[in-house]
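Novice: Each residue of the sequence shown is one higher than the one before, starting from -4 at the first, in my numbering.
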Amino acid sequence: MKHSVDAFKRTQMPKRSPEERIRDFNEVALGFTEEQALAEAERCLQCPNPTCISGCPAQIDIKGFIAYIRKGDFEAAARKIREKNSLPGVCGRVCPQETQCEAACVLNRRGAAVNIGGLERFAADYALARNLQFTERGEENGLTVAVIGSGPSGLTVAGDLARLGYDVTVFEALHEYGGVLTYGIPEFRLPKRIVKAEVDSIAKMGVRFQRDVIVGKTVTLEELFDEGFKAIFIGTGAGPPLFLNVPGENLNGVYSANEFLTRCNLMKAYLFDEYDTPLYIGGEVTVVGGGNVAVDAARVALRAGGGRVTILYRRTRKEMPARVEEVRNAEEEGVRFMFLTNPVRFTGHDGWVNSVECVKMKLGSLDE
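1) What is the rounded straight-line gap between the Cα of I143 and the Cα of V152?
2) Could you tell me the alpha carbon to alpha carbon distance between K199 and R298, rounded to whole angstroms?
3) Mind reading off the beta-carbon distance from L127 to A73? Whole number of angstroms is fine, and I expect it under 8 Å.
4) Output the boundary residues of the beta strand (DSSP E) element that contains V165.
5) Terminal residues of the continuous alpha helix (DSSP H) containing S49?
6) Under a Cβ-count criterion, where at least 16 other Cβ atoms within 10 Å of its own Cβ denotes burial, should K79 be classed as buried or exposed?
7) Ordered along the chain, which non-local residues of its own chain (more than five positions away) have a Cβ less than 7 Å from that of S49?
8) Roughly how many whole angstroms lie between the Cα atoms of V0 and E30?
9) Report the rounded CA-to-CA distance for R180 versus G26, giving the unit in angstroms.
10) Measuring CB to CB, does F341 end up less than 9 Å from V354?
11) Looking at the structure shown, is N337 part of a helix, part of a strand, or coil, going by DSSP?
12) Under three-state DSSP, which class holds Q205?
13) How big is the Cα-Cα spacing for F228 and Q95?
14) Using the beta-carbon count (16 or more within 10 Å), is F20 buried or exposed?
15) Would you identify the three-state DSSP class for F117, choosing helix, strand or coil?
16) Based on DSSP bridge pairs, tell me the residues matched to F228.
17) Among N349, N324 and A108, which has the Cα closest to the Cα of E15?
18) Look at the alpha carbon of N110 and the alpha carbon of E35, and state the distance between them as a whole number of angstroms.
19) On the DSSP bridge list, what partners appear for N247?
20) Could you round the C-beta distance between L274 and R294 to whole angstroms and report it? I think they count as a contact, below 8 Å.
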């Protein structure tokens, strides 16, 4: 292929209009069509030494799966991804490619990186839509492993070990599998059907799943070893949320993002007419933080009835750890951002929060 200037122009994934999508929790990004995927795959230079792979934590053969898409062999592309990644439908949607594989793409030098995440999602969705299963497992080695937690790390470990021939059982404390993929990431970014499909694929590799098991209460680590498990992987997530330690943070209406998103995503609080989980949202909503969780919370609040939603971040836009695409989506939907702003006090009336007192911040030198 002769690489013209157009080779450095990224194919944008289509998405629903802001006016339409803020009315519901349906997925925003629509995914590539076959034509769009072929066009974007053609942009890949097929480098002899692909630097993109060095930026991928899962070490997916990115050059290889994109080569299959270029040929129109989408099934082979999906199979190639599955060799290293048990969660392609998830990673294609929420993995921070812009700081990983795409950051290492050589096209960044003159234009925009190949949309690796979009192509991964395309291949994964192609396989899912056709019920293609790539569930080969390695030769049985007779060793059993317990995985505590069914979040992204637990699911990845379970899939990797199954491919190596281990007998794996995943124990989940909650009544739904997926961990943060289920309770933390909103439906409009990661549909729950995708998480369920990924879990089902891992189960078809011979991995067993048990829900409502709190290791340490329902069963102890010692008891798991006594049952014959030779190793235990503990992937229980980030743990309890951290608060700001400022006056008024215990007022009603002040939520941790963990509680707020769990109520919406796992307990379906946004469907209060159908589910009995209350979620009290005022006409003015303030979200503190600059990561993906903060942006998710803001966009959820907007859809759940928050009249005006503002994100407060103590640094500038440049330092925000949230994905650029998600920040852009939030702004398109009407979320406001106030940078170099940090809350120092919440005040309220009759036990309910009604205002936030902030200070203006100034960037200092980088931490050591």
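C-beta: ideal position from N, C-alpha, C; glycine also.
Specialist: Taking the definition as stated:
1) 10 Å
2) 36 Å
3) 6 Å
4) D162 to F166
5) T46 to S49
6) buried
7) A99
8) Residue confidence is low: V0 scores 40 on pLDDT, short of 50, so the model does not pin down where it sits. Its coordinate-derived value is still stated next. So the two alpha carbons sit approximately 19 Å from each other.
9) Before going further, note that residue 180 is Ile rather than Arg in the sequence given. The alpha-carbon atoms of I180 and G26 are separated by roughly 18 Å.
10) no
11) strand
12) strand
13) 25 Å
14) buried
15) helix
16) V142
17) N324
18) 7 Å
19) W347
20) Wrong, their Cβ atoms sit about 14 Å apart, outside the cutoff.
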